[in-house]
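J.:
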Amino acid sequence: GPLREVYGRFAQTPWTPPGTTPVRHLHALGVLGPKTVLVHGVQVDEEEVRLIAEAGAKVVLCPRSNRNLEIGEAPLALYARHGVELALGTDSRGSSPDLDVRNEALFLWERVDPRLLLRALTRGGYRALGLPAPRLARGTPASLVHSL
Numbered sequence: 439g440p441l442r443e444v445y446g447r448f449a450q451t452p453w454t455p456p457g458t459t460p461v462r463h464l465h466a467l468g469v470l471g472p473k474t475v476l477v478h479g480v481q482v483d484e485e486e487v488r489l490i491a492e493a494g495a496k497v498v499l500c501p502r503s504n505r506n507l508e509i510g511e512a513p514l515a516l517y518a519r520h521g522v523e524l525a526l527g528t529d530s531r532g533s534s535p536d537l538d539v540r541n542e543a544l545f546l547w548e549r550v551d552p553r554l555l556l557r558a559l560t561r562g563g564y565r566a567l568g569l570p571a572p573r574l575a576r577g578t579p580a581s582l583v584h585s586l
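Be aware that the sequence shown starts at 439, since it is given in my numbering, and climbs by one per residue.
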């Protein structure tokens with residue numbers, strides 16, 4: 439149809455689907471590594487989670503978006519068992535009611551180990567962006583906000 443015609447006018451090179459999953463394809467290309475950030479990470483099997491963990495790649499979870507798009511739930515227990523660094527994201531207003539990452543955490547609160555959730559909500563985001571994560575420790579400055 440018309441979209442195919444537009445694609446044909448602007449496409450630089452023909453593309454053939456790789457015939458495998460995105461994680462396996464990234465691994466085969468040699469680009470799955472510590473600077474790789476995968477978003478959603480829902481439809482993966484244990485072998486793919488192992489590849490993600492071995493590569494040091496990060497996964498940004500968007501649980502409310504996944505629910506609204508009806509694409510499934512991320513295998514959090516598998517990610518935790520393999521030591522994958524997780525972060526929380528919001529996706530977009532097209533699939534989430536707001537862009538407040540704290541609401542993503544509240545959505546998962548009763549189903550996830552609170553320690554995993556706190557790491558994903560704080561340190562995981564920094565690490566996914568390649569930034570050093572600040573620490574809350576004796577002798578370091580801290581700004582804490584608590585609201586009820």
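Every residue gets a Cβ at the ideal spot worked out from N, C-alpha and C, and that includes glycine.
Keep in mind the model is a prediction, meaning the values are calculated, not measured.
At the level of alpha carbons, what is the spacing between Leu-559 and Arg-442?
T.: 41 angstroms
J.: Does the separation of the CB atoms of Val-482 and Val-461 fall below 7 angstroms?
T.: yes
J.: Have a look at Ala-575, Leu-555 and Thr-578 and flag the residue whose alpha-carbon is nearest the alpha-carbon of Pro-501.
T.: It is Leu-555 whose Cα lies nearest to the Cα of Pro-501.
J.: Which whole runs of the alpha helix (DSSP H) in the segment 455-516 are 4 residues long or more, in chain order?
T.: 460-467, 484-493 and 501-507
J.: Following the continuous beta strand (DSSP E) through Glu-595, name the residue where it begins and the one where it ends.
T.: No answer is possible for residue 595: it lies beyond the span of the chain, which begins at 439 and ends at 586.
J.: Judging by CA-CA distance, which residue of Gly-457, Leu-537, Ala-515 and Arg-505 is the nearest neighbour of Val-487?
T.: Of Gly-457, Leu-537, Ala-515 and Arg-505, the residue nearest in Cα terms is Ala-515.
J.: Rounded to a whole number of angstroms, what is the C-alpha to C-alpha distance between Arg-519 and Val-444?
T.: 45 angstroms
J.: Can you name the start and end residues of the alpha helix (DSSP H) that Gly-563 belongs to?
T.: 561-566
J.: Give the range of the alpha helix (DSSP H) segment to which Glu-443 is assigned.
T.: 440-448
J.: Please state if the CB of His-463 and the CB of Leu-489 are separated by a distance shorter than 7 angstroms.
T.: no
J.: On a Cα-Cα basis, can you pick out the residue from Glu-523, Gly-521, Phe-448 and Asp-538 that is closest to Asp-529?
T.: Asp-538
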